[in-house]
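Asker:
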Amino acid sequence: MERTTIDLWVGIFVALGFAALLGLAMKVGNLTTSSIGQTYLVTANFENIGGLKPRAPVKSAGVVVGRVSEITFDPKTYEAVVSLNIDTRYNFPKDTFANIYTAGLLGEQYIGLEAGGDEVNLKNGDKISQTQDAVVLEKLISQFLYSKATESDDKPGKTASASTESGVDALDASPLDKIGK
Amino acid sequence: MVLHKLKRMLSKLGAGCINKIWRLGAGGRLFWLTLVSSGESFRRFRLTIREIYFTGVLSLIIILVSAFFVGMVLALQGYHTLQKYGSSEAIGVLVALALVRELGPVVTALLFAGRAGTAITAEIGLMKATEQLSAMEMMAVSPIARVIAPRFWAGVIAMPVLATLFSMVGILGGYLVAVPLIGVDAGAFWSQMQANVDWEYDILNGVLKSVVFGVACTMIALFEGYDAPPTAEGVSRATTRTVVSSSLAVLGLDFILTSFMIAV
């Protein structure tokens, strides 16, 4: 095969490769969407971050305004310290509220910022003091089960006492209770 | 009698081990020599371009066709399961992540070992059998600089290009099945994909994997050819060994690389 033909084909091959990489970057990857330009760093302490991970989005009113850059553990307060990179285009008041939300019932977790009313804005290195922990599904379920269990424990106890004691006693008991109070 | 048998078995095992280690060392030395004497394949880049044509361009058909089908099958299979959980829009993420992170680099490397690696081994093995390499040495032309190094760099350049094309065409195949055929919403397909595929973490790591596979596959093919006994049988065995050991090396390396990349 001629040299020029080989050159042409290799040129096409390499160009195709670059085009595919560009396609992956633009169409498939989040190079364009996640290109948060200049950011400033704020931290927030949480008692429980649930399943929050680095690179999770930081949203305000549903719009992505930044990303979680780092999550560390503070051994003095026993709290999780979450560092947030927020786009410099967006300023938030100092008393902004940071929540950990879950997208959908079992989706990924993200940080939601709710702006407060302070006139001073958050600066690089500031700390968000008002935070709300992640809702841990297992905790909720166990609380629910516990309350259900105590409810159903009470009911048989009452009926049992009512059936063993005579009706007169039961009637007497209620005025006595009232007096006691 | 039993002791004698045991002794023979043990010495067989030892010989096998020593042989394997010797081959590993010889391969490492060839790799080093290739790196050291690869100046010529860049000074006379035409040598490398010729090899890129044979290893890369001529592998395009098999890579692209299999990528297309792999993408389509991924979309069909993924939809089947995702639809049970009511999240069929996530099909885009599934196809893209599976291809970009794993299947693109790995399947490309396996196909490359079968399509281009065997060709390299057979060519160099025959060159050795017909004493072309010795003739070069007689003319004071280093066969490593003139024959081995250009093929090595061609493989290293061609593999990431092929793997990237594989991922892209596979995603297009997945799109064709998911959107026009099954009827998943096109906007959700692409936007979910873009939201969850990271440029650095997923795409660049995939490309890095394919570069490593390129080094491994090409080097194994070159070494097997260079080391082949100069007979018809020796070349045929070397070709078989190329496919077996490059496939195993790719899968093993894939596990190691993935464990490093995911852990970060």
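First to last, the sequence lines map onto chains A and B.
Residues 1 to 181, numbered by my numbering, are exactly what the first sequence covers, in order.
Residues 1001 to 1264, numbered by my numbering, are exactly what the second sequence covers, in order.
Don't be surprised by glycine CBs; every beta carbon is placed ideally from N, CA and C.
What you are looking at is a predicted structure, and each value in this text was computed from that prediction instead of being measured.
1. Of all Cβ atoms in chain A, is any one closer than 8 Å to the Cβ of residue 1256/B?
2. Which of helix, strand or coil does DSSP assign to residue 99/A?
3. For residue 1146/B, which option in 1034/B, 1245/B and 1224/B has the closest C-alpha, if you only look at C-alpha atoms?
4. By how many angstroms is the C-alpha of residue 1064/B removed from the C-alpha of residue 1185/B?
5. Quick check: the Cα distance between residue 87/A and residue 114/A, rounded to an integer number of angstroms?
6. So is residue 149/A in contact with chain B if we call contact Cβ pairs under 8 Å?
7. Comparing the C-beta of residue 1262/B with each C-beta of chain A, is any distance below 8 Å?
8. Mind reading off the beta-carbon distance from residue 1166/B to residue 1179/B? Whole number of angstroms is fine, and I expect it under 8 Å.
9. Alpha carbon to alpha carbon, how far is residue 1012/B from residue 1020/B? Give it in angstroms, no decimals.
10. For residue 49/A, count the other beta carbons within 10 Å of its own beta carbon; 16 or more makes it buried, fewer makes it exposed. Which is it?
11. Which residues mark the beginning and the end of the alpha helix (DSSP H) in which residue 49/A is found?
12. Determine whether the beta carbon atoms of residue 125/A and residue 93/A lie at a separation below 8 Å.
13. Whose C-beta lies closer than 6 Å to the C-beta of residue 38/A among residues of the same chain, with five residues either side of it excluded?
14. Kindly indicate the opening and closing residues of the beta strand (DSSP E) around residue 79/A.
15. Suppose you measure from the CA of residue 1058/B to the CA of residue 141/A; what does that come to, to the nearest Å?
16. Cβ of residue 13/A less than 8 Å from any chain B Cβ?
17. For residue 1173/B versus residue 1071/B, is the C-beta distance shorter than 8 Å?
18. Do you know offhand how far residue 102/A's Cα is from residue 56/A's?
19. Only counting the same chain, and skipping five residues up and downstream in sequence, which positions put a Cβ closer than 6 Å to that of residue 99/A?
20. Ends of the alpha helix (DSSP H) at residue 74/A?
21. Three-state secondary structure (DSSP) at residue 58/A?
22. Report yes if the CB atom of residue 1157/B is closer than 8 Å to the CB atom of residue 1225/B, and no otherwise.
23. For the candidate residues 1243/B, 1017/B and 1199/B, whose alpha-carbon lies nearest to that of residue 27/A?
24. Quick one: grab the DSSP three-state call for residue 181/A.
25. Reducing DSSP to helix, strand and coil, say where residue 1117/B ends up.
26. Do you know whose CA, among 10/A, 95/A and 19/A, lies nearest residue 1053/B's CA?
27. Would you please verify whether the beta carbon of residue 1227/B is less than 8 Å from any beta carbon of chain A?
28. Give me the subset of the segment 1165 to 1181 of chain B whose CB atoms are less than 7 Å from a CB atom of chain A, sorted by chain position.
29. Tell me which residues share the same chain as residue 71/A and place their Cβ nearer than 8 Å to its Cβ, disregarding the 5 neighbours each side in the sequence.
30. Whose C-alpha, out of 1094/B, 1040/B and 1114/B, is nearest the C-alpha of residue 1248/B?
31. How far does the alpha helix (DSSP H) with residue 1081/B in it extend, from its first residue to its last?
32. Who are the near neighbours of residue 1205/B in its chain, counting only those whose CB is closer than 6 Å to its CB and skipping five residues on each side?
Answerer: Taking the coordinates as given:
1. Chain A, which has no Cβ nearer than 8 Å to the Cβ of residue 1256/B, makes this no.
2. DSSP places residue 99/A in the strand class (E or B) of the three-state scheme.
3. Here the closest residue by C-alpha is 1034/B.
4. If you take the alpha carbons of residue 1185/B and residue 1064/B, they lie about 25 Å apart.
5. Cα to Cα, the separation comes out at about 15 Å.
6. Output row for residue 149/A: interface = no.
7. Chain A contact via Cβ: absent.
8. A Cβ-Cβ separation of about 20 Å leaves residue 1166/B out of contact with residue 1179/B under the 8 Å criterion.
9. Whole-angstrom Cα-Cα distance: 12 Å.
10. Around the beta carbon of residue 49/A, a 10 Å sphere encloses 16 or more other beta carbons of the protein chains shown; the residue is thus reported as buried.
11. Segment: none, residue 49/A is in no alpha helix (DSSP H) and carries neither H nor E.
12. No, the pair does not count as a contact, with Cβ atoms beyond the cut-off.
13. These residues qualify, in order along the chain: 88.
14. For residue 79/A, the uninterrupted beta strand (DSSP E) segment begins and ends at 79 to 87.
15. Approximately 59 Å between the Cα atoms of the pair.
16. Yes, contact with chain B.
17. Closer than 8 Å, so yes.
18. CA-to-CA, the gap between residue 102/A and residue 56/A works out to about 11 Å.
19. For residue 99/A, where only same-chain residues beyond five positions count, the Cβ hits under 6 Å are 112 and 132.
20. Taken as a continuous stretch (DSSP letters only), residue 74/A belongs to no alpha helix (DSSP H), being part of the beta strand (DSSP E) at 63 to 74.
21. The three-state secondary structure of residue 58/A, taken from DSSP, is strand.
22. Taking a C-beta distance under 8 Å as the contact criterion, residue 1157/B and residue 1225/B do not qualify as a contact pair.
23. It is 1199/B.
24. Reliability fails at residue 181/A, whose pLDDT of 43 lies under 50, so the model's placement of it is uncertain and no value is given.
25. DSSP places residue 1117/B in helix when its eight states are reduced to three.
26. Cα-wise, what sits closest to residue 1053/B is 10/A.
27. No, no contact with chain A.
28. Here the close residues are 1165, 1167, 1168 and 1171.
29. Hits under 8 Å: 49, 52, 53, 54, 80, 81, 82 and 83.
30. Here the closest residue by C-alpha is 1114/B.
31. 1060 to 1082 is the extent of the alpha helix (DSSP H) around residue 1081/B.
32. Cβ-Cβ distances below 6 Å link residue 1205/B to 1261 in the same chain, with the five nearest sequence neighbours on each side left out; the list follows chain order.
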